[in-house]
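Colleague: Residue numbers (UniProt numbering): 1 to 547.
Backbone N, C-alpha and C define an ideal beta-carbon position, used for all residues, glycine too.
Below are the structure tokens for one structure; questions will follow.
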Amino acid sequence: METDRSEQQDDTSRFWREEREEGAVYHAYLKKVTYLSQARLEDENEKNREFSHLMWETHKVRVIRAGTLAKLVESLTNSRGEMDSSYVNIFLATYRTFATPRQVLDTLIERYKLLCSQIKEDKSELYETQHRSLKSVVFVWLDTYPEDFHDSPDYICLHVLDKFAREYAPGTDIGRKVKEKLAAFRQEDVELAAQQLKFSFSLTEGSSHPVDTDSTKSLALLEISCRKIAEQLTYKDANLFKKVIPHHCLGAVWSRRDKEGQSDAPSVQATIQQFNNVSLRVVATVLKTLELRTSQRAKVLQKWILIAQDLRELKNFSSLKAIITGLQSHPVYRLRKTWSALPKDTMVLFEELSEIFSVENNQINSRELLMKEATAKFPDLESQSRSLKRKNLQKRRSWIDNGIVQGTVPYLGTFLTDLTMIDTAFPDTIEDGLINFEKRRKEFEVLAQLRLLQSAASIYTMNEDDCFWRWFNSIRVYSDIESHELSCSIEPPSESSAKIKKKSASISGPPLRRRVSAGKLYACFACRSRFSEPNIASNKEGIQTPY
Numbered sequence: 001m002e003t004d005r006s007e008q009q010d011d012t013s014r015f016w017r018e019e020r021e022e023g024a025v026y027h028a029y030l031k032k033v034t035y036l037s038q039a040r041l042e043d044e045n046e047k048n049r050e051f052s053h054l055m056w057e058t059h060k061v062r063v064i065r066a067g068t069l070a071k072l073v074e075s076l077t078n079s080r081g082e083m084d085s086s087y088v089n090i091f092l093a094t095y096r097t098f099a100t101p102r103q104v105l106d107t108l109i110e111r112y113k114l115l116c117s118q119i120k121e122d123k124s125e126l127y128e129t130q131h132r133s134l135k136s137v138v139f140v141w142l143d144t145y146p147e148d149f150h151d152s153p154d155y156i157c158l159h160v161l162d163k164f165a166r167e168y169a170p171g172t173d174i175g176r177k178v179k180e181k182l183a184a185f186r187q188e189d190v191e192l193a194a195q196q197l198k199f200s201f202s203l204t205e206g207s208s209h210p211v212d213t214d215s216t217k218s219l220a221l222l223e224i225s226c227r228k229i230a231e232q233l234t235y236k237d238a239n240l241f242k243k244v245i246p247h248h249c250l251g252a253v254w255s256r257r258d259k260e261g262q263s264d265a266p267s268v269q270a271t272i273q274q275f276n277n278v279s280l281r282v283v284a285t286v287l288k289t290l291e292l293r294t295s296q297r298a299k300v301l302q303k304w305i306l307i308a309q310d311l312r313e314l315k316n317f318s319s320l321k322a323i324i325t326g327l328q329s330h331p332v333y334r335l336r337k338t339w340s341a342l343p344k345d346t347m348v349l350f351e352e353l354s355e356i357f358s359v360e361n362n363q364i365n366s367r368e369l370l371m372k373e374a375t376a377k378f379p380d381l382e383s384q385s386r387s388l389k390r391k392n393l394q395k396r397r398s399w400i401d402n403g404i405v406q407g408t409v410p411y412l413g414t415f416l417t418d419l420t421m422i423d424t425a426f427p428d429t430i431e432d433g434l435i436n437f438e439k440r441r442k443e444f445e446v447l448a449q450l451r452l453l454q455s456a457a458s459i460y461t462m463n464e465d466d467c468f469w470r471w472f473n474s475i476r477v478y479s480d481i482e483s484h485e486l487s488c489s490i491e492p493p494s495e496s497s498a499k500i501k502k503k504s505a506s507i508s509g510p511p512l513r514r515r516v517s518a519g520k521l522y523a524c525f526a527c528r529s530r531f532s533e534p535n536i537a538s539n540k541e542g543i544q545t546p547y
């Protein structure tokens with residue numbers, strides 16, 4: 001007996017054979033399926049004594065491995081004609097790597113028309129069920145991925161779907177749904193245009209406003225509470241992460257970001273830009289104001305480390321990573337005299353925070369920590385320092401007593417790297433040019449984790465502080481060359497080299513890690529050839545690898 005491929009493969013199933021047909025390749029599994037309960041068996045005893053002793057039977061489960069677009073669309077419904085929810089989720093999340101929304105829509109409509117003709121010839125219940133299921137797929141698509149239909153100003157896909165609804169599904173909810181989406185999209189476009197106009201006016205007006213001096217900005221950092229800064233960064237990061245469209249992270253989509261005229265991953269680009277904004281401002285606030293005494297500059301370093309700890313408590317791994325990256329950048333890293341002025345506990349804290357993002361064993365530390373704390377109410381803080389241990393225990397008791405629940409913002413770079421590696425390791429097509437859907441299943445596993453974390457990011461309850469962001473955005477950032485020159489002005493190379501020789505093993509200096517250029521702070525995740533060595537070649541977004 002053959003059952004549908006949506007049944008979960010578990011310990012009761014085993015691979016049997018590969019099956020081929022025109023336009024598709026399937027993996028066939030033999031699955032032990034319980035088909036009667038003990039109570040039902042007793043009821044059936046009188047009706048069918050021959051099989052009354054059986055509790056299970058073996059079914060053949062077919063899982064599509066590869067196929068043409070038409071075959072993949074056909075697989076949206078299972079052998080009983082019902083919508084295969086698991087398969088639909090994978091298909092809709094990943095199809096943009098091998099087809100456009102218009103191509104999928106046209107293929108789906110052609111499949112629907114074919115079923116219409118089959119129903120006319122054969123009033124089969126199977127065909128009727130498939131008919132209804134394809135309509136359900138359209139609803140799921142519209143609700144889950146509305147951006148696929150938001151192709152302004154023409155909205156071609158919506159108009160194609162509207163025509164289909166009028167001709168083949170009159171009086172159904174599809175037509176109503178299309179009209180609702182069209183009205184909503186047009187309203188969004190009007191509001192967006194108004195916001196852009198307002199923003200352009202604000203830039204023009206703001207150009208004549210005096211800008212604070214570098215000295216004032218450096219002092220402002222020390223005057224703002226660490227918690228305030230951490231909460232504002234978390235507010236921004238959480239909002240951006242919730243807006244990330246998971247399929248924008250796919251390797252095949254992400255790798256097109258540098259092509260002229262392409263903007264296939266704007267939601268990811270926004271997150272990366274904010275990451276770079278934080279890292280570059282960490283570098284800028286440490287290096288600006290040459291006349292600062294070493295002790296004062298060390299306080300700026302300490303401030304960012306304490307902000308990083310607050311971000312750790314808020315489970316914001318994005319800005320936490322950005323701050324660590326900025327502090328480990330070469331212009332800051334080389335300031336041995338400044339690092340030596342830090343209190344011992346602060347250096348221990350910095351080492352522990354840095355260790356979270358260690359690149360050893362495929363970043364196993366950050367991965368395990370994220371899995372452990374992704375949906376936890378609050379972080380599980382650990383430390384080798386006795387004083388830090390006491391503080392962490394006090395904070396934990398406070399969180400429990402006050403019922404504190406924190407959201408989670410991951411470091412997106414880990415997921416982008418994983419998806420790029422999958423894209424590189426597995427071919428898009430197999431023999432005969434069939435679309436490799438096994439690859440899409442592997443990609444979906446990563447995308448599903450992203451969606452889960454996006455739900456966790458919704459727990460935060462911070463509010464935006466306009467004053468803070470005016471200050472933050474007013475901080476001037478420096479190019480790589482400018483940062484290096486400022487760093488050398490603060491501690492000339494000869495002096496820095498002498499310090500390194502004397503204190504290379506001292507805890508009073510920064511960790512001996514690979515140096516990261518200040519302007520190259522985010523991973524170049526689209527690198528499709530090698531992942532073992534850092535790439536610091538410049539590109540127009542300033543997206544580079546700190547690995």
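(1) Does the Cβ of D423 have 16 or more other Cβ atoms within 10 Å, making it buried, or fewer, making it exposed?
(2) Nearest to L301 by alpha carbon, out of L314, A341, F444, V268?
(3) Give the C-beta separation of R17 and A28 to the nearest angstrom, bearing in mind that I take them to be a contact with Cβ-Cβ under 8 angstroms.
(4) Taking contact to mean 3 or more Cβ pairs, one atom from each stretch, closer than 8 angstroms, check whether the segment 285-300 and the segment 326-345 are in contact.
(5) List the endpoints of the continuous alpha helix (DSSP H) containing residue 581.
(6) Give me whichever residues DSSP pairs with I435 in a beta bridge.
(7) Measure the C-alpha to C-alpha separation of R111 and S133 and round it to an integer number of angstroms.
(8) Excluding sequence positions up to five away, which residues of its chain have a Cβ less than 8 angstroms from the Cβ of I435?
(9) Inspect the CB distances between the segment 415-422 and the segment 442-449 and report whether three or more fall short of 8 angstroms.
(10) Given this structure, state the Cα-to-Cα distance separating E351 from K303, to the nearest angstrom.
(11) With DSSP as the reference, identify every bridge partner of A28, one or two as the case may be.
(12) In three-state terms, what does DSSP make of S358?
(13) What are the start and end residues of the alpha helix (DSSP H) that includes K372?
(14) Can you list, in chain order, the residues of its chain with a C-beta nearer than 7 angstroms to that of F91? Leave out the 5 residues immediately preceding and following it.
(15) Am I right that L453 and T408 are in contact with their C-beta atoms under 8 angstroms? What's the rounded C-beta distance?
(16) Report back the beta-carbon spacing between K228 and F472 to the nearest angstrom; my notes put them in contact at under 8 angstroms.
(17) In terms of residue numbering, what span does the alpha helix (DSSP H) encompassing Q130 cover?
(18) For T346, which of helix, strand or coil comes out of DSSP?
(19) Does the beta-carbon of A284 have 16 or more other beta-carbons within 10 angstroms, so that it is buried, or is it exposed?
(20) DSSP three-state call for S329: helix, strand or coil?
(21) Under 9 angstroms, do I224 and V278 count as touching if we go by C-beta distance?
(22) Along the chain, where does the alpha helix (DSSP H) containing P101 start, and where does it finish?
(23) In or out: V63 buried (at least 16 other Cβ within 10 Å) or exposed?
(24) Cα separation between V477 and T144?
(25) Using the three-state DSSP reduction, which class does residue 551 fall into: helix, strand or coil?
(26) May I ask you to report which of helix, strand or coil DSSP gives V160?
(27) Under a Cβ-count criterion, where at least 16 other Cβ atoms within 10 Å of its own Cβ denotes burial, should G171 be classed as buried or exposed?
(28) Rounded to the nearest angstrom, how far is the Cβ of E482 from that of R334, given a contact under 8 angstroms?
(29) Throw me the rounded Cβ distance for the I245 and E147 pair, which I believe falls under 8 angstroms.
(30) Buried or exposed for W254, please, with buried defined as at least 16 other CB atoms from any protein chain shown within 10 angstroms of its CB.
(31) Apart from the five residues on each side of it in sequence, which residues of its chain come closer than 6 angstroms, Cβ to Cβ, to C488?
(32) Which first and last residues belong to the alpha helix (DSSP H) in which Q406 is found?
(33) By alpha-carbon positions, which one of T100, T58, V190, T234 ends up nearest to S458?
(34) What three-state label does DSSP hand T12 in the structure shown?
(35) Should L314 and Q195 be called a contact, given that it needs their Cβ atoms to be closer than 9 angstroms?
Modeller: On the basis of the coordinates in this document:
(1) Classification of D423: buried, given that the 10 Å Cβ count is 16 or more.
(2) For the residues L314, A341, F444, V268, the minimum Cα distance to L301 belongs to A341.
(3) Between A28 and R17 the Cβ distance is about 5 angstroms, and since that is below 8 angstroms, they are a contact.
(4) Touching, yes.
(5) In the structure as shown, the chain starts at 1 and stops at 547, and residue 581 therefore has no counterpart that could be examined.
(6) DSSP lists G67, T429 as the bridge partner or partners of I435.
(7) Approximately 12 angstroms, taken between the alpha carbons.
(8) Close CB contacts of I435 within its chain, under the 8 angstroms cut and outside five residues either way in sequence, are with A66, G67, T68, L69, L72, F98, D428, T429 (chain order).
(9) A contact exists between the segment 415-422 and the segment 442-449.
(10) Rounded to whole angstroms, E351 to K303 spans 15 angstroms at the Cα level.
(11) A28 is bridged to R17, R62.
(12) S358: coil per DSSP, three-state reduction.
(13) Annotation: the continuous alpha helix (DSSP H) that includes K372 extends over 364-373.
(14) Cβ-Cβ distances below 7 angstroms link F91 to L72, L76 in the same chain, with the five nearest sequence neighbours on each side left out; the list follows chain order.
(15) Contact between L453 and T408 holds: CB atoms are separated by about 6 angstroms, below the 8 angstroms threshold.
(16) Actually they do not touch by this definition, with Cβ atoms about 11 angstroms apart.
(17) Residues 125-144.
(18) Helix.
(19) It is buried - the Cβ of A284 has at least 16 other Cβ atoms within 10 Å.
(20) DSSP places S329 within a strand segment (E or B) once states are collapsed to three.
(21) Taking 9 angstroms as the Cβ cut-off, I224 and V278 do not qualify as a contacting pair.
(22) Start and end: 101-121.
(23) Label assigned to V63: buried.
(24) One alpha carbon belongs to V477, the other to T144, and they sit about 39 angstroms apart.
(25) In the structure as shown, the chain begins at 1 and stops at 547. Residue 551 is therefore absent and cannot be evaluated.
(26) Helix.
(27) Answer is exposed; the Cβ neighbour count stays below 16.
(28) About 15 angstroms separates the two Cβ atoms, so there is no contact after all.
(29) Between E147 and I245 the Cβ distance is about 6 angstroms, and since that is below 8 angstroms, they are a contact.
(30) Buried, by the Cβ-count rule.
(31) When the five nearest sequence neighbours on each side are left out, no beta carbon in the same chain lies closer than 6 angstroms to the beta carbon of C488.
(32) First-last for Q406: undefined, no H or E at that position.
(33) Closest by alpha carbon: T234.
(34) The answer is coil: DSSP assigns T12 none of H, G, I, E or B.
(35) Not closer than 9 angstroms, so no.
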